[in-house]
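Trainee:
Numbering (our numbering), first residue to last: 335 to 596.
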């Protein structure tokens, strides 16, 4: 990987994480510590980042200080495991849906595929896709400040006209019946529609998402073919596949192992 490619990826990662250590960059970019340190010096000299003991952060500007609610919810670096597994599922020349949320945002800098097209309702997702030179369409709707996403009846109506090869969704939580939870009816409608209109649907959920409750939940019957990607296999099942330090399993098989009716 040449310097220009490493630089682009480092800046993309700093759009998701507030800081990155040298070792994290070594692991994610596959370069030597000496190479990463040389890159950091070059980028600091050009004013693209700030160096601190053992790592880097984005250079502070008036724009970067205007952080909103989503940017304060910096995704835990452990969620990179989930994001990496998700990004690896994408194939060239596919039409993809990427939903809002910090973990779906974290997967975008890790996408390596060519000629893909993405539809999203997340504004940070659109910005990250633009930086990766990935062609993307933002759905219309009402602005939701907490997640910096667009939701509403218009969003759902626009989404109905598309058929996806893959959809990647965040989740408000997963309850003890393995139902996929949403904060409101619009998020629930987007999840349900994406599941119906996608050949392959993936839900990205960290350990902290399990054992929650919410008013809106996708039915287990609808979600039975959804693939759950997590950094912790909360429910025992032979269906879990270990991948790159994380786990992926079909929700329907997990339901059967927990003896939950589908």
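Here a beta-carbon is modelled for each residue, glycine too, at the ideal position from N, C-alpha and C.
Considering only the alpha carbon of each residue, which of 439, 348 and 588 lies closest to residue 511?
Mentor: Counting from one through the chain shown, the residue named residue 511 turns up at place 177. Ranking the options by Cα distance to residue 511, first place goes to 588.
Trainee: For residue 338, which of 348, 475 and 377 has the nearest alpha-carbon?
Mentor: Counting from 1 along the chain shown, the entry for residue 338 is found at position 4. Here the closest residue by C-alpha is 377.
Trainee: Per DSSP, what are the beta-bridge partners of residue 478 in this structure?
Mentor: If you number the chain shown from 1, residue 478 lands on position 144. Answer is 483, bridged to residue 478.
Trainee: May I have the straight-line CA-CA distance separating residue 423 from residue 527, to the nearest angstrom?
Mentor: Taking the chain shown and counting its residues from 1, the one referred to as residue 423 is at position 89. Taking the chain shown and counting its residues from 1, the one referred to as residue 527 is at position 193. If you take the alpha carbons of residue 423 and residue 527, they lie about 20 Å apart.
Trainee: Within its chain, find whatever has a CB closer than 7 Å to the CB of residue 578; leave out the 5 residues flanking it on each side and keep chain order.
Mentor: Here residue 578 refers to the residue found at position 244 when the chain shown is read from its first residue. Result list for residue 578: 415, 418 and 419, in chain order.
Trainee: On a Cα-Cα basis, can you pick out the residue from 524, 514, 368 and 335 that is closest to residue 483?
Mentor: For this step, residue 483 is matched to residue 149 along the chain shown. The option with the nearest alpha carbon to residue 483 is 524.
Trainee: Out of 582, 571, 576 and 581, state which residue places its alpha-carbon closest to the alpha-carbon of residue 590.
Mentor: Indexing the chain shown from 1 puts residue 590 at position 256. Cα-wise, what sits closest to residue 590 is 571.
Trainee: With 16 as the cutoff for other CB atoms within 10 Å, does residue 454 come out buried or exposed?
Mentor: By one-based count along the chain shown, residue 454 stands at place 120. Per the 10 Å Cβ criterion, buried.
Trainee: Can you confirm whether the stretch 442–450 touches the stretch 535–542 when touching is taken to mean that 3 or more C-beta pairs between the two stretches lie within less than 8 Å?
Mentor: Touching, no, given that fewer than three Cβ pairs across the two stretches are closer than 8 Å.
Trainee: Which one of 535, 345, 361 and 389 has the shortest CA to CA distance from residue 382?
Mentor: By 1-based counting over the chain shown, the position of residue 382 is 48. Of 535, 345, 361 and 389, the residue nearest in Cα terms is 345.
Trainee: Please list the segments of the beta strand (DSSP E) lying wholly inside the stretch 540–576, counting only runs of 3 or more residues, in order along the chain.
Mentor: Segments of the beta strand (DSSP E) lying fully in the stretch 540–576: 550–552 and 561–564.
Trainee: Can you give the Cα-Cα distance for residue 372 and residue 536, rounded to whole angstroms?
Mentor: Here residue 372 refers to the residue found at position 38 when the chain shown is read from its first residue. Here residue 536 refers to the residue found at position 202 when the chain shown is read from its first residue. Those two C-alpha atoms are separated by around 37 Å.
Trainee: When the distance is taken between beta carbons, is residue 563 closer than 9 Å to residue 501?
Mentor: On the chain shown, residue 501 is found 167 positions in, with the first residue counted as 1. On the chain shown, residue 563 is found 229 positions in, with the first residue counted as 1. Taking 9 Å as the Cβ cut-off, residue 501 and residue 563 do not qualify as a contacting pair.
Trainee: Which word fits residue 498, buried or exposed, when buried means at least 16 other C-beta atoms lie within 10 angstroms of its C-beta?
Mentor: Here residue 498 corresponds to residue number 164 of the chain shown, with the count starting at 1. Buried, because 16 or more other Cβ atoms sit within 10 Å of the Cβ of residue 498.
Trainee: Whether or not the stretch 461–473 and the stretch 503–523 are in contact is what I'm after, with contact meaning three or more pairs of Cβ atoms, one per stretch, closer than 8 Å; do they touch?
Mentor: Result no; under three Cβ-Cβ pairs closer than 8 Å.
Trainee: Take residue 565 as the anchor and find which of 413, 360 and 358 has the nearest alpha-carbon.
Mentor: For the purposes of this step, residue 565 is taken as residue 231 along the chain shown, with counting starting at 1. Taking only the C-alpha atoms, the option nearest residue 565 is 413.
Trainee: Would you mind stating whether residue 506 and residue 557 have Cβ atoms separated by less than 9 Å?
Mentor: Residue mapping note: residue 506 aligns to position 172 of the chain shown, counting from 1. Residue mapping note: residue 557 aligns to position 223 of the chain shown, counting from 1. It is not a contact, given that the beta carbons lie outside the stated cut-off.
Trainee: Could you give the DSSP three-state label for residue 338: helix, strand or coil?
Mentor: As a working mapping, residue 338 is identified with position 4 in the chain shown. Here residue 338 sits in helix by DSSP.
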